[in-house]
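Participant: Below is the structure I would like to discuss, written out as structure tokens.
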Amino acid sequence: MMENKIERKGQVLFSGYKYGEGIKKALKLSREDILFELKESKLRGRGGAGFPTSTKWMLTAATIDPDKYLICNADEGEPGTFKDRVLLLEYPAMVFDGMVIGAYTIGAKFGIVYLRGEYKYMLPDLEAHLEKMRKDNYLGEKILGKDGFDFDIEIRLGSGAYVCGEETALIESLEGSRGEARNRPPFPVNRGYMGKPSSVNNVETFANIPFIVLKGGKWYNKLGTEKSTGTKLFSVSGDCEKPGVYELPWGTKVSELLEIVGAKNTKAVQVGGASGICIPKSQFDRMLAYEDLATGGSVKIFNENRNMLEVLKNFMEFFVEESCGQCVPCRIGNVKLLEGTKMLLKGEFTFEYINKLKELGRTMKIASKCGLGQSSPNPFLSILENFKDEVFNQGWRNNGR
Amino acid sequence: MEDKNKNRVPLGQKPHIVEKPKDPSAIGGSITVEINEKKVTVPMGTTILEACRENQIHIPTLCYHDDLCFAGVCRLCVVEVEGMPTLAASCSYPITAPIKIKTSTPKVRRARKHVIDLMLSEHYGECYSCIRNNNCELQALAKEYGVTDYTFGHIEKKRYEIDDSSFSIIRDLDKCVLCKRCVRTCIDLQEVGVLEAIGRGHETHIGTFLDKQLADVICINCGQCINRCPTGALHEKEITQDIWSAIDDPTKHVVIQTAPSPRAAIGEEFGLEPGHSMTFKMNTALKRIGFDAVFDTNFTADLTIIEEGTELLLRLYKALVNKDESVKLPQFTSCSPGWVKYLEHFYPEYVGHLSSAKSPQQMFGALLKTYYAKKLKLDPSKIVSCAVMPCSAKKFECNRPEMNDSGYQDVDYGLTTRELAKMIKEAGIHLPEMPDSHFDNPFGDASGAGLIFGVTGGVMEAAIRSVIEFITGDKAEEVFDGMNVMPVRGFEGIKYAEIKIDHVGPVPDLIKHLVPNWDWVKGATLKVAVVHGTANAKKVMDDIKAGGKFSQCHFIEFMACPGGCLGGGGQPIPTNEEIRKKRAEAIYAEDAGLELRKSHENPHIIQTYKEFLTDGPCGHTAHKLLHTHYTVRGKYIA
Amino acid sequence: MLISEKQALTERVGMLVQKYGNSRSALIPILQDIQHNFKYITDFEQQEVARLLDIHPVEVYSVISFYSFLSSKQRGKNIVRLCQSISCELEGKEKVAKAIERELGIKFGETTKDKKFTLEYTNCMGMCDQSPAMMVNEKVYSKLTPEKAVQILKEVK
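Line order of the protein sequences matches chains A, B and C.
Reminder that position 1 of the first sequence reads as 0 in numbering that gives the first Met the number 0, one-by-one numbering, no gaps.
Reminder that position 105 of the second sequence reads as 104 in numbering that gives the first Met the number 0, one-by-one numbering, no gaps.
Reminder that position 110 of the third sequence reads as 109 in numbering that gives the first Met the number 0, one-by-one numbering, no gaps.
In structure tokens, the structure reads:
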């Protein structure tokens, strides 16, 4: 029923990996060496926020608590994103080996994969892989004979809540609560799952680790751009000939990507999923990189026939439902932005009110408690900014005025 | 009270705090930060909000409450921290680095205004028709931020039905701003666990198990959620109109008893600072409102001491001398209806430990429609018996089906301190200006022992004052300096004390006949404990269940509310520990100034036993009118 | 509920607590297990779970109400979830939805009278490159057409 279309293989993740190789190499190195290579690689979190992985791991490694957790965030829920699905189905070895290396580096005893409920069908294969790792002593006690290095991985399932992709909400969910984000500080690296130091990293981040260990940080940081090193998996969907997963170096221009995926008559590209921003043709020479268009990898293509307000409405409906509902800006703010979108669709709006909503959107970005509310106004703000003519005139046309 | 952030809390709102150093002056114990370009030094782990408050910088808050752990959900208290891309919630941001904070930038002010606008857009109803008009935190914030219109519209239809199923508490979710103070109160502060956030996203609302009505779940009616609700979403079931009608009906004889705690707090409703005792001014006001007689609940508090104390001695005799293993010890107090219902739900196997003595409110009710009616030749069916209480659970208590031993509903209406303040205002009376007047006969003014029932430890202290004298013949004021039983005073959540009884004195006639001899008490050590707040009650009950230290106690006072009755769910809003302490001071000060400070010396009590309860404490009449039984409820909801 | 039924439920919940542990972090795995086998979590089970985990029943209910894949109300034997997120929306989710509704004779959010099917919308399930997509229980079906969707449901029946 399902196909995992890897449409382009790049220089890192899809360059070929032999199961266990990374672990073997890593265990010959000291923790400091690995952290050094990681720092050198300038690897940044692949979930979207782009926090330097070496910093996160150093902070967790520096804590003195003997019980630390390494958590793999496989709660890929951003509409338009499916690269983790492909990674987990096709290359679980990279991901899990990355976790073992991470555990060795930060001194974690326990590993947890928080797999979204929608991906439950992967469970048997993933469990089988973990079992194999245990047999081969890549997991368990004294891994590969290394004294004092005990580590195992448990897979826990989500239950259908997008917000649990936010790391502190994910931890709440693991602890048996509603997926409501926590106040920060303290950060999970100091006080995470069960109050213990925890590093939460994305599936793709882990998949990069074995390659950095094997080939070195220097090799890695030559790929991509100055601030965005390595390659990125892009989940491409929408109006193009070849939707699927593409491994491309960071810094690829949107126009280049459109060319590769066979997109024609493209009007708009939503970069970063529902919570990302929507750019028009005039900006297609921008590049996909943390320094320009930061993204967790979702690229959604809209051709000339698509109605951007309908698109926006779908996004906002999504956020109204998926907000955890605890903080005011996100719980009510998204409702107001959705209402505004509907006003625009009907053509029953005043510019004054729409401007107030834009201001509200900007407040939501800084006042919401977690990343969900801090990014949910992005499509509203960017679509209204970048597609003015379509947005402000279509309602009038719809009304026959 | 113990550190509010160390209690068991809803896991979703765990306080992720940084522990403060024990000695802030030690190296690394303090840190200097900049607030609005001014340098201030604070202990490590101080929150931005605390640091600002200590430096006279006002930050608006809503979900924050002094008594509760952090939530950080309303986002009103946001401030700018240099270098952070987003604003920080100052209530829950512990300072651990030399940060620079700005509390009133355009971004901050706009964000706060937006938060208020958003809350108002979904806040159904008009202020003038709201119970919390003029004492509403949302309203105050709207004023503070100059809200003159509804920026983002205003909800025009109710989204939720009002839940008025409970005798005590009404929930109006359309006024709820989801600050979750009630959730934190119910689960964390009180450990009752009736309220939680239900649903997700815009559908989130505060609800009960299966979204049932409050009357159908295990709510103990303590009303602590009311005291902490910033809006009118939670309030007591008002019965003032019924009382007005009774007063206006010339055929009705309307009497009111007043508990000790309302008088120590009602001044707050009239603009006075907490800590003013209004006992005698309130009497005048009540008479001017039109009550036919005003009585002091302390009278039946004194009576409770005699009945409950006697019951305790009897239990001890049966257990220690008769070796009767069916006797339940420790004996638990039963004055707090919130506590009683808590026990019935959570530890139903222990209801036998509850003193069978009714609460002072219910004892009074039973006497009014019997003894008082007879004495004044009144038709008891025409007596309307009211009680002003610091409590929302008293409304439930007086409606318990078993509380009609007088042949009628013993107490018709329980009204809260807040409701009474409203009636006084409606009658055009400014309470602080009233002259003094005394309580009416035949019950008159009561003892200081009854008065201190309002503070945690008060029932125990009153009991000790009497029991010690009963047994040893020593004067309480000689045993305890100034008659103040200090070991049971104070706001510590759980207190424990031991009192050694080294001799037996002449036991007074009132109880002498109850057992063949009293020598067995000699050399005994009376072990007692005092517990307030049901979260603390849970700890003690679990200890008893496990056969721990408290299972060895003889007598334990339990109060459902933090601070005891003075912190009750019917008291003026707001509440916090400082306010509760002031109320306690007012009560203790009034007690210290009284001549009569021991229940058994109350001449009206002695007269009542002589005239009416002629077979003495725990005797037949007393048993019929002044004692009750309890219901094994359990936790399961069908 | 009959006492024997209650006893059976108590035993079952007790076994789950043995399997997953009695800490709060075991709550969601326990609920997921019940949900998986019985499609919803009864009132009584919620209270039993609360008792054994030493939390309040309302906390269990609160958690269930938060997660889309947990339910406290009776559902059909098969839960059909059609993705309503952007890709599926643009690729013809609406037509598929209509066809499914017609086939089952119910609207979204409803359960068939014979309790065989419950129909729901869900948000992105990570099949955006093969939309529209739906899940039947835990199985994912992609690149749906109205005909294909109806055929799938027929086979499930």
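Using N, Cα and C, we set each Cβ at its ideal position, and we do this for glycine too.
1) Kindly list, in the order they appear in chain B, the residues whose Cβ is closer than 9 Å to that of S322 of chain A.
2) Can you check whether the C-beta of F68 of chain C is within less than 8 Å of a C-beta belonging to chain A?
3) Check L367 of chain B in the structure and name its three-state DSSP category.
4) Taking DSSP's pairing of strands, which residues face D295 of chain B in a bridge?
5) With a threshold of 6 Å on Cβ separation, who are the neighbours of L15 of chain C within its own chain once the five nearest residues in sequence on each side are excluded?
6) With respect to the beta strand (DSSP E) encompassing S234 of chain A, which residues constitute its N-terminal and C-terminal limits?
7) I believe I288 of chain B touches G222 of chain B by the beta-carbon criterion, under 8 Å. Please report the beta-carbon distance rounded to the nearest angstrom.
8) Nearest-angstrom Cα distance between P56 of chain C and G76 of chain A?
9) Note down, in chain order, each residue of its chain lying with its Cβ closer than 6 Å to the Cβ of K5 of chain B, except the 5 sequence neighbours on either side.
10) Is the beta carbon of I493 of chain B less than 8 Å from the beta carbon of N535 of chain B?
11) What does K355 of chain A touch in chain B if you count any residue whose Cβ is under 8 Å from its own?
12) When you compare the CB of G156 of chain A with every CB in chain C, is at least one pair closer than 8 Å?
13) Once the 5 residues before and after K421 of chain B are set aside, which same chain residues still bring their CB inside 7 Å of it?
14) Kindly confirm or deny that the segment 371 to 381 of chain A and the segment 276 to 288 of chain A touch, where touching means at least three C-beta pairs closer than 8 Å.
15) Kindly list the residues whose CB is nearer than 7 Å to the CB of S367 of chain A, restricted to its own chain and excluding five residues on each side of it in sequence; keep chain order.
16) In whole angstroms, what separates the C-alpha of T369 of chain B from that of P379 of chain B?
17) Taking only runs of the alpha helix (DSSP H) that begin and end inside the segment 74 to 133 of chain C, which ones reach a length of at least 4 residues, in chain order?
18) What does the alpha-carbon distance come out to for the pair P507 of chain B and M558 of chain B?
19) Considering only residues of the segment 446 to 495 of chain B, which uninterrupted alpha helix (DSSP H) runs meet the minimum length of 4 residues and lie entirely inside it, listed in chain order?
20) Grouping DSSP H, G and I as helix and E and B as strand, with all else coil, what is R43 of chain A?
21) Helix, strand or coil for K4 of chain A, going by three-state DSSP, please let me know.
22) So, for K19 of chain B: in the same chain, excluding its five sequence neighbours on each side, which residues have a beta-carbon less than 8 Å away from its beta-carbon?
23) Should V631 of chain B go down as buried or exposed, given a rule of 16 or more other Cβ atoms within 10 Å for buried?
24) Curious, which full-length beta strand (DSSP E) runs of at least 3 residues does the segment 8 to 86 of chain A contain?
25) Name the chain C residues whose beta carbon is nearer than 7 Å to that of I186 of chain B?
26) So is V334 of chain A in contact with chain B if we call contact Cβ pairs under 8 Å?
27) For R84 of chain A, which residues in the same chain have their Cβ closer than 7 Å to its Cβ, ignoring the five residues on either side in sequence?
28) Roughly how many angstroms separate the alpha carbons of K537 of chain B and R108 of chain B, rounded to a whole number?
29) Return the Cβ separation of H553 of chain B and V527 of chain B in integer angstroms, given the expectation that the two are a contact with Cβ distance under 8 Å.
30) Look at the Cβ atom of T167 of chain A, then the Cβ atom of R155 of chain A, and state whether they are nearer than 8 Å.
31) Quick check: what's the CA-CA separation for A232 of chain B versus A88 of chain B?
32) Nearest-angstrom Cα distance between T471 of chain B and L328 of chain B?
33) Taking Cβ-Cβ distances shorter than 8 Å, what residues in chain B pair up with C239 of chain A?
34) Under a CB-based cut-off of 8 Å, is I543 of chain B close to chain F?
35) Out of curiosity, what's the CA-to-CA distance linking E155 of chain B and F107 of chain C?
36) DSSP has A356 of chain B in a bridge; who is on the other side?
Facilitator: For this structure:
1) Residue 322 of chain A sits at position 323 when you count from the first residue of the first sequence. Those are R199, G200, H201, T203, listed as they occur along chain B.
2) For the purposes of this step, residue 68 of chain C is identified with residue 69 of the third sequence, where counting begins at 1. Cβ-Cβ to chain A under 8 Å: yes for F68 of chain C.
3) In the second sequence, residue 367 of chain B corresponds to position 368, counting from 1. In the structure shown, L367 of chain B sits in a helix (DSSP, three-state: H, G or I).
4) If you number the second sequence from 1, residue 295 of chain B lands on position 296. B:T257.
5) The sequence position of residue 15 of chain C within the third sequence is 16, counting from 1. For L15 of chain C, where only same-chain residues beyond five positions count, the Cβ hits under 6 Å are I29, D32.
6) For this step, residue 234 of chain A is matched to residue 235 along the first sequence. 230 to 237 is the span of the beta strand (DSSP E), which, as asked, contains S234 of chain A.
7) Translated into the one-based positions of the second sequence, residue 288 of chain B becomes position 289. Translated into the one-based positions of the second sequence, residue 222 of chain B becomes position 223. Contact flag wrong, Cβ pair sits at about 23 Å.
8) Counting from 1 along the third sequence, the entry for residue 56 of chain C is found at position 57. Counting from 1 along the first sequence, the entry for residue 76 of chain A is found at position 77. Rounded to whole angstroms, P56 of chain C to G76 of chain A spans 29 Å at the Cα level.
9) Position 6 of the second sequence, counted from the first residue, corresponds to residue 5 of chain B. Below a pLDDT of 50, predicted positions are generally treated as unreliable, and K5 of chain B, at 41, falls in that range; the measurement from the model is reported next regardless. Hits under 6 Å: none found.
10) By 1-based counting over the second sequence, the position of residue 493 of chain B is 494. By 1-based counting over the second sequence, the position of residue 535 of chain B is 536. Yes.
11) Position 356 of the first sequence holds residue 355 of chain A. Simply T150, F151.
12) Sequence index remark: in the first sequence, residue 156 of chain A carries index 157 (1-based). Per the sequence shown, residue 156 of chain A should be read as Leu rather than Gly. Yes - at least one Cβ of chain C is within 8 Å of the one on L156 of chain A.
13) Translated into positions along the second sequence, residue 421 of chain B becomes position 422. Same-chain partners within the cutoff: T239.
14) yes
15) Taking the first sequence and counting its residues from 1, one reaches residue 367 of chain A at position 368. Result list for S367 of chain A: C326, P328, C329, Q373, in chain order.
16) On the second sequence, residue 369 of chain B is found 370 positions in, with the first residue counted as 1. On the second sequence, residue 379 of chain B is found 380 positions in, with the first residue counted as 1. Looking at the two C-alpha atoms, the distance is approximately 7 Å.
17) 85 to 89, 92 to 103
18) The count along the second sequence starts at 1 and reaches residue 507 of chain B at position 508. The count along the second sequence starts at 1 and reaches residue 558 of chain B at position 559. Roughly 30 Å separates the two Cα atoms.
19) 447 to 450, 457 to 471, 475 to 478
20) Position 44 of the first sequence, counted from the first residue, corresponds to residue 43 of chain A. R43 of chain A falls in the strand class under three-state DSSP.
21) Here residue 4 of chain A corresponds to residue number 5 of the first sequence, with the count starting at 1. Note: K4 of chain A maps to coil in three-state DSSP.
22) Residue 19 of chain B sits at position 20 when you count from the first residue of the second sequence. If we look at K19 of chain B and ignore the five residues flanking it on each side, its Cβ neighbours are P42, M43, G44, T45.
23) Mapped onto the second sequence, residue 631 of chain B falls at position 632. When all chains shown are included, V631 of chain B counts as exposed.
24) 68 to 73
25) Translated into the one-based positions of the second sequence, residue 186 of chain B becomes position 187. In chain order: H55.
26) By one-based count along the first sequence, residue 334 of chain A stands at place 335. Yes, because at least one Cβ of chain B sits closer than 8 Å to the Cβ of V334 of chain A.
27) Locating residue 84 of chain A in the first sequence gives position 85, where the first residue counts as 1. Excluding residues within five positions, the ones whose Cβ falls inside 7 Å are E75, Y118.
28) Your numbering for residue 537 of chain B matches position 538 in the second sequence. Your numbering for residue 108 of chain B matches position 109 in the second sequence. Cα to Cα, the separation comes out at about 43 Å.
29) In the second sequence, residue 553 of chain B corresponds to position 554, counting from 1. In the second sequence, residue 527 of chain B corresponds to position 528, counting from 1. About 7 Å; that satisfies the 8 Å criterion.
30) In the first sequence, residue 167 of chain A corresponds to position 168, counting from 1. In the first sequence, residue 155 of chain A corresponds to position 156, counting from 1. Result no, Cβ atoms of T167 of chain A and R155 of chain A do not sit closer than 8 Å.
31) Here residue 232 of chain B refers to the residue found at position 233 of the second sequence. Here residue 88 of chain B refers to the residue found at position 89 of the second sequence. Answer to the nearest angstrom: the Cα atoms are 24 Å apart.
32) For this step, residue 471 of chain B is matched to residue 472 along the second sequence. For this step, residue 328 of chain B is matched to residue 329 along the second sequence. Each residue's alpha carbon lies about 22 Å from the other.
33) Sequence index remark: in the first sequence, residue 239 of chain A carries index 240 (1-based). Simply none; closest approach about 32 Å.
34) The chain inventory of the structure shown lacks chain F, comprising the protein chains A, B and C.
35) Taking the second sequence and counting its residues from 1, one reaches residue 155 of chain B at position 156. Taking the third sequence and counting its residues from 1, one reaches residue 107 of chain C at position 108. C-alpha separation (whole angstroms): 28 Å.
36) Locating residue 356 of chain B in the second sequence gives position 357, counting from the first residue. Answer is B:H626.
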